[in-house]
Amino acid sequence: MIIKTLKATNEKEYELKQIEVNGCAAGGAGFSTHITNLHRRMLKKAGIYASRHDVPDNRPARMTAEALYEAWKQFGNNNAVLLFLVNKIDLVQFDRRLIQYEFERLSRDKVDVVRLSLAECSEKLKLDPVDFSLRLVDDGRAIAVVFNQVLMLGSSPTQMELAARLMIERSTAIVLARPGMVERFFSGPNEAHMAAQIRETFAGLWGFEADQTKNNELIQMAIKNPERFVLKPIGEGCGAHFNYFDDDIPKKLVELSPTELTEFILMEKLKPKVYKNHLVRALRPTLFNTEVTPELGIYGSLIGDMTTGQILYNKQEGYTFKTKLATENEGGICSGTGVVDAPFLVDN
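The sequence shown begins at 1 in full-length UniProt numbering and counts up one residue at a time.
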């Protein structure tokens with residue numbers, strides 16, 4: 001499981017609050033490493049020495065590649081290949097290519113990497129009826145690990161793509177796992193306080209359940225003070241196309257049926273600290289000394305054996321730092337309202 005936890009500052013308490021845990025949508029690892037090095041170099045050219053204390057080392061691409069390589073070794077087949085599951089039109093393929101190249105370096109080019117879309121998987125992969133291994137149609141080699149970064153929410157997958165997804169899930173290939181509830185990992189009789197402490201780091205969250213009375217209370221609370229909340233879908237990787245803010249929240253809540261309502265959560269809207277910075281953006285005007293807010297993402301990876309409960313690999317290394325315009329609710333890199341950034345740490 002490769003995850004990225006997103007955190008933002010909350011000005012009221014001057015604290016970090018966790019706002020998301022991404023699995024499938026844990027992108028940016030490739031770019032983040034290079035941006036950190038780029039900013040160190042630019043600071044040096046400006047006459048500012050940035051130590052590793054000021055601008056921390058950042059190697060999420062290497063960590064991700066290490067986790068994939070470790071999973072490949074755990075599969076136990078030296079002829080098996082690594083599958084990168086990608087969107088048909090991959091808008092961030094350069095970021096993921098950097099992870100692929102790091103994996104190839106670690107494996108000394110002894111492990112083949114295949115990049116396929118779900119549509120291509122339906123044609124080029126097959127499920128062995130005997131041992132349920134996932135294999136290439138052309139030469140029969142097994143797929144050891146599926147690095148899945150395909151986001152299906154908001155799309156209209158074909159029956160072939162859905163069948164391919166089911167085939168992958170049924171196979172013996174090691175697939176990125178989905179995150180679960182906090183209590184699931186701290187379920188012991190003496191661990192309840194740990195779950196409570198972890199939940200204290202989260203932004204406020206309210207789910208819409210089967211109890212319509214409670215749902216109505218939440219709806220009225222959001223309609224009365226929409227500026228205090230964000231209406232978010234429970235799926236990950238939804239981004240700017242699915243989050244609702246301010247006056248759009250009451251409008252959306254009125255539109256949703258009781259069933260559709262359960263696919264959303266209400267989240268506390270944080271008030272991040274505002275800074276002044278310059279934004280250099282591709283094909284867009286550079287913005288000087290403009291007000292911005294930051295978002296921090298921490299990368300981690302974990303490999304476990306479900307049959308024994310044993311943790312085989314557990315590592316946290318690297319971060320992503322995104323800066324967006326303070327006037328914008330969403331910090332989209334492609335839309336130009338946000339940029340990939342690196343932190344410069346100072347004593348408070």
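Just so it is clear, CB atoms sit at the ideal spot from N, CA and C, and this is done for glycine as well.
Residue range of the unbroken beta strand (DSSP E) whose run includes residue i
i: Leu82; result: 81–85
i: His34; result: Where His34 is concerned, there is no enclosing beta strand (DSSP E), although the alpha helix (DSSP H) it sits in stretches over 29–45.
i: Pro258; result: Counting along the chain, Pro258 falls outside any beta strand (DSSP E), though it belongs to the alpha helix (DSSP H) covering 258–261.
i: Pro233; result: 229–233
i: Leu116; result: 113–116
i: Ile143; result: 143–148
i: Tyr275; result: 275–279
i: Arg135; result: 134–136
i: Asp341; result: 338–341
Bridge-paired residues (DSSP) for residue i
i: Trp206; result: Leu266
i: Thr293; result: Lys324
i: Arg245; result: The sequence shown places Phe at residue 245, not Arg. Val230, per the DSSP bridge assignment.
i: Lys315; result: Ser301
i: residue 375; result: The structure shown does not extend to residue 375, since the chain spans only 1 to 348, so no value can be given for it.
i: Leu287; result: Leu279
Cut-off 7 Å between Cβ atoms - residues of its own chain near residue i, not counting five sequence neighbours on either side
i: Ile303; result: Ala67, Glu70, Ala71, Gln74, Leu312, Tyr313
i: Gly336; result: Arg281, Arg284
Beta-carbon proximity check, residue i vs residue j, cutoff 8 Å
i: Leu279; j: Val339; result: yes
i: Leu85; j: Leu116; result: yes
i: Ala342; j: His53; result: no
i: Glu317; j: Pro60; result: yes
i: Pro294; j: Thr320; result: no
i: Gly47; j: Asp95; result: no
i: Ile234; j: Ile198; result: no
i: Leu82; j: Val111; result: yes
i: Val150; j: Leu98; result: no
i: Phe103; j: Ala142; result: no
i: Tyr299; j: Met42; result: no
i: Leu270; j: Ala203; result: yes
i: Ser122; j: Ala80; result: no
i: Val113; j: Lys124; result: no
Within-8 Å CB hit, residue i to chain C
i: Gly336; result: Within the model displayed, chain C is absent; a lone protein chain is all it includes.
Cβ shell of residue i (< 8 Å), same chain only, five flanking positions each side left out
i: Glu291; result: Val274, Tyr275, Lys276, Leu325, Ala326, Thr327
i: Leu127; result: Ser133, Leu134, Arg135, Met167, Arg170, Ser171
i: Asn215; result: Phe208, Glu209, Pro258, Leu261
i: Leu91; result: Cys334
i: residue 359; result: Nothing in the structure corresponds to residue 359, since the chain is present only between 1 and 348.
Other residues of its chain near residue i: CB distance less than 6 Å, five sequence neighbours each side excluded
i: Phe288; result: His278
i: Ala173; result: Leu134, Ile143, Val146
Run of the alpha helix (DSSP H) containing residue i, from where it starts to where it stops
i: Lys73; result: 60–75
i: Asp139; result: Taken as a continuous stretch (DSSP letters only), Asp139 belongs to no alpha helix (DSSP H), as it is neither H nor E.
i: Lys214; result: 212–224
i: Leu127; result: Where Leu127 is concerned, there is no enclosing alpha helix (DSSP H), although the beta strand (DSSP E) it sits in stretches over 125–127.
i: Tyr101; result: 93–106
Decide if the segment 247–255 is in contact with the segment 218–227; the criterion is three or more beta carbon pairs, one per stretch, under 8 Å apart. Judged by Cβ distances under 8 Å, the segment 247–255 makes contact with the segment 218–227, as three or more pairs qualify.
Any 3 or more C-beta pairs closer than 8 Å across the segment 203–216 and the segment 259–267: At 8 Å Cβ cutoff, the stretches touch.
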